[in-house]
Amino acid sequence: MNKSIIILAAGAGTRMKSTLPKVLHKISGKPMLYYSIKEALKISDDITVVLYHQAKLVEESIKKYFSKDNINFVIQDHENYPGTGGAVMGIKPKYEKTLVLNADMPLIQANELEKFDLEATIVMSVLKLEDASGYGRVVIENGNVKRIVEQKDANENELKITTANAGIYQFDTKFLLENLPKLTNSNAQKEYYITDLIEFAISQKRDLKPIFVSEENFKGVNSKVDLALAEVIHQNRIKNEFMSNGVIMRLPETIYIEEGVKIEGESIIENGVSLLSNAIIINSHVKTNSIVEDSILEDSDIGPMARVRPGSHLKGTHLGNFVEAKKAKLNGVKAGHLSYLGDCEIDEGTNVGAGCITCNYDGVNKHKTIIGKNVFIGSDCQLVAPVTIEDNVLLAAGTCVTKDIPSGNLAINRAPMKLVKNFYYKFFGKE
Ligand code: UD1
Ligand code: CA
38 MNKSIIILAA GAGTRMKSTL PKVLHKISGK PMLYYSIKEA LKISDDITVV LYHQAKLVEE
98 SIKKYFSKDN INFVIQDHEN YPGTGGAVMG IKPKYEKTLV LNADMPLIQA NELEKFDLEA
158 TIVMSVLKLE DASGYGRVVI ENGNVKRIVE QKDANENELK ITTANAGIYQ FDTKFLLENL
218 PKLTNSNAQK EYYITDLIEF AISQKRDLKP IFVSEENFKG VNSKVDLALA EVIHQNRIKN
278 EFMSNGVIMR LPETIYIEEG VKIEGESIIE NGVSLLSNAI IINSHVKTNS IVEDSILEDS
338 DIGPMARVRP GSHLKGTHLG NFVEAKKAKL NGVKAGHLSY LGDCEIDEGT NVGAGCITCN
398 YDGVNKHKTI IGKNVFIGSD CQLVAPVTIE DNVLLAAGTC VTKDIPSGNL AINRAPMKLV
458 KNFYYKFFGK E
């Protein structure tokens with residue numbers, strides 16, 4: 038069924054206690070609003086996002102992820118018509134049915150939204166909870182929904198109700214447009230509530246269908262506690278999918294994987310690992326407490342405690358503990374310990390000794406280090422970029438490389454060691 042979708046994202050989000058608008062707070066690395074739009078786009082070509090608080094910032098942040106052509110951003114007349122009902126006023130949906138989503142529901146999935154495809158004036162979503170605090174309560178009498186009462190307007194008995202309004206509704210568009218102007222703000226928050234339309238439908242003897250949904254998919258996020266709880270659910274979803282597809286995860290509850298990451302083949306992800314942004318892991322082993330951000334790992338192993346920063350591509354490479362790579366193209370490289378490999382290309386068979394640093398930054402610009410095949414880099418070398426080291430070069434431990442090295446050479450620039458006899462005893466005294 039083709040339907041219009043309105044996503045409510047204009048609220049200030051006071052309960053988040055933050056200067057950042059609520060819908061920009063992130064779940065698994067992406068703003069909450071991103072998820073509502075992503076799922077909405079799967080089922081509709083008429084999507085309106087309602088903004089008000091820091092509208093410009095929200096629009097700019099979201100436009101990064103979607104081409105704007107198929108999303109209409111509109112500004113709510115919040116001064117005159119605050120509230121979830123006010124947010125929908127003035128919008129002209131294209132289709133006969135209009136689905137309204139709160140934007141603070143990052144766990145929503147398109148297949149759950151399809152469950153609203155029923156013939157009724159209003160299809161509303163209901164949660165059965167042990168404790169419904171924070172949600173609007175659904176008042177049910179003789180098995181029929183009567184109305185929704187918001188937490189702030191509820192009396193003592195109503196507060197005990199454990200059936201909650203999940204916050205997604207499908208309206209007959211005609212009914213919606215006819216009844217929105219009838220909303221009033223005579224409630225505790227002096228707001229125009231979309232939820233009052235339920236009572237209107239009942240008094241007009243219209244068809245109302247409640248559908249029961251789970252918090253797993255419909256959880257509303259109002260506070261940072263909710264944000265953390267929703268992220269746990271979202272993380273489990275991401276990790277379970279990878280594990281079902283053959284990825285091994287050690288202590289998965291300690292692993293953090295962002296939306297957008299891909300893991301393929303026989304990969305192993307150990308405890309405490311973070312895979313960020315658009316990291317791609319193919320047939321690789323990421324050991325304890327390592328971080329990979331926006332980089333590709335192919336047939337490689339890293340860690341424990343290695344960090345691969347954006348723009349890197351590792352192929353058949355081993356990075357050991359405390360090795361950091363950034364914009365590094367490493368093909369068949371071994372760097373076992375304590376190194377910084379930034380803005381570099383290193384080729385097959387090259388061994389990077391402990392404590393090797395690419396000095397890529399001169400205080401103003403970044404420069405490249407290029408290292409060929411089968412180079413042996415002794416411990417504690419500095420490679421002052423821009424610099425090229427050709428194939429088959431030996432760098433003696435402690436060498437500071439300041440010019441290009443042609444193939445076949447040994448480079449060494451240590452100061453000669455000198456022995457001063459009995460100096461120890463002169464300095465510290467004899468026992
Ligand atoms: C709302 C429902 C409540 C339901 C809950 C489910 C109302 C009156 N109450 O309450 O019954 O149990 O969601 O999560 O609808 N927004 C606007 N403009 C506004 C105010 C809010 O666009 O003027 C947006 C917010 O950005 C948010 C959504 O509407 O994405 C819901 O607003 P929120 O204040 O979180 O409503 P709740 O109190 O959670
Ligand atoms: Ca909410």
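Each residue of the sequence shown is one higher than the last, beginning at 38 in the numbering used here. For glycine and all other residues, C-beta sits at the position ideal for the given N, C-alpha and C.
Legend entry - Distance cut 6 Å, beta-carbon to ligand 4 heavy atom: residue list by chain order: For the structure depicted, ligand 4 is absent and the ligand set comprises only ligand 1 and ligand 2.
Inset, instruction - Look up residue 289 in the DSSP assignment and say whether it is helix, strand or coil. - result: By 1-based counting over the sequence shown, the position of residue 289 is 252. Residue 289 falls in the helix class under three-state DSSP.
Legend entry - Where residue 218 sits in the DSSP three-state scheme: As a first step, residue 218 is located in the sequence shown; it is residue number 181 there, counting from the start. Helix at residue 218.
Inset, instruction - Determine the contact status of residue 186 and residue 173, defining contact as a CB-CB distance below 8 Å. - result: Within the sequence shown, the letter at position 149 stands for residue 186. Within the sequence shown, the letter at position 136 stands for residue 173. Yes. Within cutoff.
Inset, instruction - Rounded to whole angstroms, what's the CA-CA distance from residue 280 to residue 274? Just pull it up for me. - result: Start at 1 with the first residue of the sequence shown, and residue 280 comes out as number 243. Start at 1 with the first residue of the sequence shown, and residue 274 comes out as number 237. Straight-line Cα distance between these residues: approximately 10 Å.
Inset, instruction - Closer than 8 Å by C-beta to residue 428: which residues in its own chain qualify, once you throw out the five before and the five after it? Chain order, please. - result: In the sequence shown, residue 428 corresponds to position 391, counting from 1. If we look at residue 428 and ignore the five residues flanking it on each side, its Cβ neighbours are 384, 409, 410, 411, 412 and 444.
Inset, instruction - Under 6 Å Cβ to Cβ from residue 284, same chain only, skipping five residues before and after it: list those, please. - result: In the sequence shown, the residue the question calls residue 284 occupies position 247. Closer than 6 Å at the Cβ level, and outside the excluded window around residue 284, lie 300 and 304.
Inset, instruction - Examine ligand 1 and report whether any of its heavy atoms sits within less than 7 Å of the Cβ of residue 96. - result: Numbered from its first residue, the sequence shown carries residue 96 at position 59. It does not: the Cβ of residue 96 is nowhere closer than 7 Å to a heavy atom of ligand 1.
Legend entry - Alpha carbon of residue 60 to alpha carbon of residue 417, nearest angstrom: By 1-based counting over the sequence shown, the position of residue 60 is 23. By 1-based counting over the sequence shown, the position of residue 417 is 380. The straight-line gap from Cα to Cα measures roughly 47 Å.
Legend entry - With 16 other Cβ atoms within 10 Å as the buried cut-off, status of residue 53: For this step, residue 53 is matched to residue 16 along the sequence shown. Buried, by the Cβ-count rule.
Inset, instruction - Identify, in the order they occur along the chain, each residue of the same chain with its Cβ nearer than 7 Å to the Cβ of residue 79, setting aside the five sequence neighbours on each side. - result: Numbered from its first residue, the sequence shown carries residue 79 at position 42. Taken in chain order, the residues that qualify are 147.
Legend entry - the region 124-137 / the region 95-107 touching (three or more Cβ pairs under 8 Å): no
Inset, instruction - Indicate, with yes or no, if ligand 1 has a heavy atom lying under 7 Å from the CB of residue 77. - result: One-based indexing of the sequence shown puts residue 77 at position 40. No.
Legend entry - Alpha-carbon to alpha-carbon, residue 88 and residue 68: Start at 1 with the first residue of the sequence shown, and residue 68 comes out as number 31. Start at 1 with the first residue of the sequence shown, and residue 88 comes out as number 51. C-alpha separation (whole angstroms): 15 Å.
Legend entry - Assigned secondary structure, residue 232 (DSSP; H/G/I helix, E/B strand, else coil): Locating residue 232 in the sequence shown gives position 195, where the first residue counts as 1. Correct three-state label for residue 232: coil.
Legend entry - Neighbour-count burial assignment, residue 454, 16 or more Cβ in a 10 Å radius: As a first step, residue 454 must be located in the sequence shown, where it is residue number 417. Residue 454 is exposed by the Cβ-count criterion.
Inset, instruction - Note down, in chain order, each residue of its chain lying with its Cβ closer than 7 Å to the Cβ of residue 46, except the 5 sequence neighbours on either side. - result: Taking the first residue of the sequence shown as position 1, residue 46 is located at position 9. So the list reads 60, 70, 86, 87, 88, 95 and 140, once near-sequence residues are dropped.
Inset, instruction - Please classify residue 301: does DSSP put it in a helix, a strand, or coil? - result: By 1-based counting over the sequence shown, the position of residue 301 is 264. Strand at residue 301.
Legend entry - N-terminal and C-terminal residue of the beta strand (DSSP E) that residue 110 is part of: Here residue 110 is taken as the residue at index 73 of the sequence shown, counted from 1. Start and end: 108-112.
Inset, instruction - May I ask you to report which of helix, strand or coil DSSP gives residue 99? - result: The residue given as residue 99 occupies position 62 in the sequence shown. Helix, per DSSP.
Legend entry - Supposed close pair residue 425, residue 449 - CB separation, criterion 8 Å: Residue 425 sits at position 388 when you count from the first residue of the sequence shown. Residue 449 sits at position 412 when you count from the first residue of the sequence shown. Not really, about 18 Å apart at Cβ, beyond 8 Å.
Legend entry - Whole-angstrom distance between residue 316 and residue 351, CA atom to CA atom: Position 314 of the sequence shown, counted from the start, is the residue given in the question as residue 351. Position 279 of the sequence shown, counted from the start, is the residue given in the question as residue 316. Between residue 351 and residue 316, the C-alpha separation is close to 12 Å.
Inset, instruction - Provide the residue span of the alpha helix (DSSP H) that contains residue 356, from first to last. - result: For the purposes of this step, residue 356 is taken as the residue at position 319 of the sequence shown. Here residue 356 belongs to no alpha helix (DSSP H); instead the beta strand (DSSP E) covers 355-368.
Legend entry - residue 212 versus 244, 223, 226 and 278, residue with shortest Cα-Cα distance: If you number the sequence shown from 1, residue 212 lands on position 175. When each option's Cα is compared against that of residue 212, the closest is 244.
Inset, instruction - Please classify residue 272: is it buried, with 16 or more other beta-carbons within 10 angstroms of its beta-carbon, or exposed? - result: For the purposes of this step, residue 272 is taken as the residue at position 235 of the sequence shown. Buried, since its Cβ has 16 or more Cβ neighbours within 10 Å.
Inset, instruction - Measure the C-alpha to C-alpha separation of residue 335 and residue 175 and round it to an integer number of angstroms. - result: Numbered from its first residue, the sequence shown carries residue 335 at position 298. Numbered from its first residue, the sequence shown carries residue 175 at position 138. Their backbone Cα atoms lie some 52 Å apart in a straight line.
Legend entry - Residue from 151, 207, 387 and 131 with nearest C-alpha to residue 157: To locate residue 157, count along the sequence shown from 1; it is residue 120. Among 151, 207, 387 and 131, the Cα nearest to that of residue 157 is on 207.
Inset, instruction - Please name the residue or residues paired with residue 164 in a DSSP beta bridge. - result: As a first step, residue 164 must be located in the sequence shown, where it is residue number 127. The partner list for residue 164 (beta bridge, DSSP) reads 201 and 250.
Inset, instruction - Tell me whether the beta-carbon of residue 480 lies closer than 8 Å to the beta-carbon of residue 290. - result: Summary: the structure shown does not reach residue 480, with the chain confined to residues 38 through 468, and so no result is reported for it.
Inset, instruction - Kindly provide the ranges of any beta strand (DSSP E) runs that are 3 or more residues long and lie completely inside the region 319-351, ordered along the chain. - result: 328-330 and 333-335
Inset, instruction - Over the uninterrupted beta strand (DSSP E) stretch that includes residue 134, give me the two end residues. - result: Start at 1 with the first residue of the sequence shown, and residue 134 comes out as number 97. That run of the beta strand (DSSP E) goes 134-139.
Legend entry - 8 Å Cβ cutoff met for residue 313 and residue 328: Taking the sequence shown and counting its residues from 1, the one referred to as residue 313 is at position 276. Taking the sequence shown and counting its residues from 1, the one referred to as residue 328 is at position 291. Closer than 8 Å, so yes.
Legend entry - Residues near residue 82 by beta carbon distance below 7 Å, same chain, minus five either side: Here residue 82 is taken as the residue at index 45 of the sequence shown, counted from 1. Answer for residue 82: 107, listed in chain order.
Legend entry - Classification of residue 223 by the beta-carbon crowding that lies within 10 angstroms, buried from 16 upward: Stepping through the sequence shown from its first residue, residue 223 is reached at position 186. Result: exposed.
Legend entry - Beta-carbon proximity list for residue 318, same chain, < 6 Å, skipping 5 on both sides: Your numbering for residue 318 matches position 281 in the sequence shown. Around residue 318: 300, 304 and 334.
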